[in-house]
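Engineer:
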Amino acid sequence: LAIAQSGNMQDVIYLKDGTMLRGLIVEHGEDGTVKIQIIGYNTIVVPRDKIDRIDREPIPGTQYYKQTGYFNTTSIAFSPGELGNAFRFEMVNGYQIDPNFS
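In my numbering, the protein residues as written are 6 to 107.
(1) I need the DSSP call for Ile102, collapsed to helix, strand or coil.
(2) For Gln72, count the other beta carbons within 10 Å of its own beta carbon; 16 or more makes it buried, fewer makes it exposed. Which is it?
(3) Measuring CB to CB, does Thr79 end up less than 9 Å from Glu62?
(4) Identify whether Lys55 lies in helix, strand or coil by the three-state DSSP scheme.
(5) What does the alpha-carbon distance come out to for the pair Gly23 and Asp36?
(6) Sorted by chain position, which residues of the same chain lie with C-beta nearer than 7 Å to Ile43's C-beta, five sequence neighbours on each side aside?
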């Protein structure tokens, strides 16, 4: 069961006790184990008898950014200080024709 790593996908091992391990499967051992590399390059070895199933899922929180079209950026800030409180509201609207053209 070789699973290739692609851009926005990750391997997910569901254990029988309800635990989920997300990362990249690096080895299916002949000794009945599966090695998964999780965040921070830590590797966990899991015996196959504790695995419920193995899936391939999108990475949570992956965001899509349009390359062209209308965009809006809004920010709000509050800075208390000795000379008074400063409140800031900023909104930028624009249209991007090409991401390589500024």
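Glycine residues also receive a C-beta, built at the ideal position from the N, C-alpha and C atoms. Quick caveat, the model's predicted, so the values are computed rather than measured.
Structural biologist: The short version:
(1) Numbered from its first residue, the sequence shown carries residue 102 at position 97. Note: Ile102 maps to coil in three-state DSSP.
(2) Within the sequence shown, numbered from 1, the residue matching residue 72 stands at position 67. Label assigned to Gln72: exposed.
(3) Against the sequence shown, residue 79 aligns to sequence position 74. Against the sequence shown, residue 62 aligns to sequence position 57. Not closer than 9 Å, so no.
(4) For the purposes of this step, residue 55 is taken as the residue at position 50 of the sequence shown. Lys55: helix per DSSP, three-state reduction.
(5) Working through the sequence shown from its first residue, we reach residue 23 at position 18. Working through the sequence shown from its first residue, we reach residue 36 at position 31. Between Gly23 and Asp36, the C-alpha separation is close to 23 Å.
(6) Position 38 of the sequence shown holds residue 43. If we look at Ile43 and ignore the five residues flanking it on each side, its Cβ neighbours are Leu26, Arg27, Gly28, Ile49.
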